[in-house]
Every structure is written in structure tokens, then in C-alpha cells.
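Peer 1: In the numbering used here, the protein residues as written are 6 to 247.
Glycine included, each C-beta is placed from N, C-alpha and C at the ideal position.
Attaching a single structure in C-alpha cells format; questions to follow.
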């Protein structure tokens, strides 16, 4: 499938008839390595591939994927069962693919996780008991209201740097706090600026985080990496050619 990203695969084999089985693949039209934002919609494709010609090969997507931070907008070709599963099936040896659309809630909490879980099951002949796989999960998604790039600075040993009052990495965010540096000293000025002072005894890397807040009170963190001293004295350092 072009422009679709694999999320998870499940498979099942009949214990007495190993030539009968099936595979379920779940794909997304957004890269799970990238964050989702509140209000965003994305598509899932659930593909069931039977092997051996069972009466029906069932595919299930568990609805705990949604939690309190997402809703299922559309699920053509899938039934929503009372046991908390979206279900479809393929008959005989014909594969089947169905699609659905998920929407992230406008008030989804920062850092919320969506982890799809799937099950595949066999019904060898009509009326037989279902032979299911276990629930399987692999790749998932994380909700981020704002995606902030990391920041970096270079200082000499004992050097100082000032982030001025009112600094913001993105429109609509205001600075509200700072974390703790591993080596250097961080102080906040009365007007909202931040001063970092490098440890005169430390050579190499340090890092700390800055916290920002949007108009709704949602917070997001940005990491600042500090290089202290000469690059040649720090094994593993990569030169910055920007």
C-alpha cells in the first residue's frame, strides 16, 4: 500500500489444520513517528488476508485505541460490537481491506497516547467456535499540541547565556518555567528572562528544558542542549555547519 505506514500485524493458524490461517495488517495514512495534534483526522486501513479457505477470517480493531482523546468518525465495512471491537471479515480465500477515520479531540491532553490493538480469528466452518489470536500492538501515536524544535548554544567553561524576557519558540506560546540543568546554574530574572551559567569545572554537554503555555493553559516543553568548551575536547561531537 503506497503512502500507508504499517502499525501492527497479527496472525493465526488453526491448531489441528496448520494449512488454514490468516494475517491481519493495520496501516495508517500518517507516520506514527510524527505527533498528532488536537482536531486532526487520520485514516486507518485494516487488511485481512485468509490462507487455506476457512469459512470466515475475522479482523478486529479494539476501541480502547480511542480512550477519552479520540473518536471514530467513520468505519465503513466495520461493525462496532458490544465487546468493544470494530470488526470485519473475509470469506474463503478472498482478502479484504476496510478503512476508518479517527479524529483527535480538541481537548486531548498533551502527551496522550493512541496505541492500536488488533485481533484476528478463524471460523473454519459456519457455526464453529472462533479461534482467535491474542491482542497485538506495536506502533502507536502521541498527541502534541505544539511541536517544538530543540534549541542549542555553545559556551566556554564558566560562560553565561541569557534568554531574554518574552522569548517564545512559536506564536501563541508564553514562557512559564524552566527545569533543572545537569551541571550548570539556571536562574530566572524578575522580567521573565532566563540565565544559564556553565559550571567552570565541566567540559562537554549539558541540557535543560524550558516550559511554555498556550492560551488554553496547555503546556509543552522544549529541550536546550549546551556545549561547553572546545569541540575538539569532546569525543563524539559533530560539527555544526549551519
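Starting from residue 111, follow its DSSP beta bridges and name the residues at the other end.
Peer 2: Within the chain shown, residue 111 is the residue found at index 106, counting from 1. Per DSSP, none; premise fails for residue 111.
Peer 1: Once DSSP output is grouped into helix, strand and coil, what is the label at residue 70?
Peer 2: Residue 70 sits at position 65 when you count from the first residue of the chain shown. The answer is helix: DSSP assigns residue 70 an H, G or I state.
Peer 1: Within its chain, find whatever has a CB closer than 7 Å to the CB of residue 83; leave out the 5 residues flanking it on each side and keep chain order.
Peer 2: On the chain shown, residue 83 is found 78 positions in, with the first residue counted as 1. Same-chain partners within the cutoff: 91, 92, 93, 103 and 105.
Peer 1: Looking at C-beta atoms only, is the number of pairs between the region 193–210 and the region 163–181 that lie closer than 8 Å three or more?
Peer 2: yes
Peer 1: For residue 20, tell me which candidate among 129, 143 and 95 has the shortest Cα-Cα distance.
Peer 2: By 1-based counting over the chain shown, the position of residue 20 is 15. Each of 129, 143 and 95 was checked against the Cα of residue 20, and the nearest Cα belongs to 129.
Peer 1: Specify the secondary structure class of residue 30 as computed by DSSP and reduced to three states.
Peer 2: Taking the first residue of the chain shown as 1, we reach residue 30 at position 25. DSSP places residue 30 in strand when its eight states are reduced to three.
Peer 1: Assuming residue 34 and residue 48 form a contact by the criterion Cβ under 8 Å, report the distance between their Cβ atoms to the nearest whole angstrom.
Peer 2: Residue mapping note: residue 34 aligns to position 29 of the chain shown, counting from 1. Residue mapping note: residue 48 aligns to position 43 of the chain shown, counting from 1. Yes, residue 34 and residue 48 are in contact; Cβ-Cβ is about 4 Å, under 8 Å.
Peer 1: Does the beta-carbon of residue 62 have 16 or more other beta-carbons within 10 angstroms, so that it is buried, or is it exposed?
Peer 2: One-based indexing of the chain shown puts residue 62 at position 57. It counts as buried.
Peer 1: Would you kindly check if the distance between the Cβ of residue 108 and the Cβ of residue 154 is under 8 Å?
Peer 2: Translated into the one-based positions of the chain shown, residue 154 becomes position 149. Translated into the one-based positions of the chain shown, residue 108 becomes position 103. Contact flag unset, no.
Peer 1: By the three-class DSSP mapping on this structure, what secondary structure does residue 126 have?
Peer 2: Here residue 126 corresponds to residue number 121 of the chain shown, with the count starting at 1. Correct three-state label for residue 126: strand.
Peer 1: Exposed or buried, which one is residue 54 when buried takes at least 16 other CB atoms within 10 Å?
Peer 2: Sequence index remark: in the chain shown, residue 54 carries index 49 (1-based). Buried, because 16 or more other Cβ atoms sit within 10 Å of the Cβ of residue 54.
Peer 1: Count the CB pairs spanning the region 219–227 and the region 134–147 that are closer than 8 Å, and state whether there are at least three.
Peer 2: no
Peer 1: With DSSP as the reference, identify every bridge partner of residue 135, one or two as the case may be.
Peer 2: Within the chain shown, the letter at position 130 stands for residue 135. Answer is none; residue 135 lacks a bridge partner.
Peer 1: Take the Cβ of residue 195 as the centre, count every other Cβ of all protein chains shown within 10 Å, and call the residue buried at 16 or more, exposed below.
Peer 2: Looking up residue 195 in the chain shown gives position 190. By the 10 Å Cβ count, residue 195 comes out exposed.
Peer 1: Quick one: grab the DSSP three-state call for residue 95.
Peer 2: Here residue 95 corresponds to residue number 90 of the chain shown, with the count starting at 1. Of the three classes helix, strand and coil, the one that applies to residue 95 here is strand, per DSSP.
Peer 1: Applying the criterion that 16 or more other CB atoms from any shown protein chain within 10 Å of the CB defines a buried residue, is residue 11 buried or exposed?
Peer 2: What you label residue 11 is simply residue 6 of the chain shown in a count that begins at 1. Exposed, since its Cβ has fewer than 16 Cβ neighbours within 10 Å.
Peer 1: Counting Cβ pairs closer than 8 Å, one from the region 179–186 and one from the region 112–132, do we hit at least three?
Peer 2: No: fewer than three Cβ pairs fall under 8 Å.
Peer 1: Classify residue 22 as helix, strand or coil using the three-state DSSP reduction.
Peer 2: Reading the chain shown from its first residue, position 17 is the one you call residue 22. Three-state result, residue 22: coil.
Peer 1: Judging by CA-CA distance, which residue of 226, 189 and 120 is the nearest neighbour of residue 175?
Peer 2: Indexing the chain shown from 1 puts residue 175 at position 170. Residue 226 is the option with its Cα nearest to residue 175.
Peer 1: Does DSSP put residue 60 in a helix, a strand or coil?
Peer 2: Residue 60 sits at position 55 when you count from the first residue of the chain shown. Residue 60: coil per DSSP, three-state reduction.
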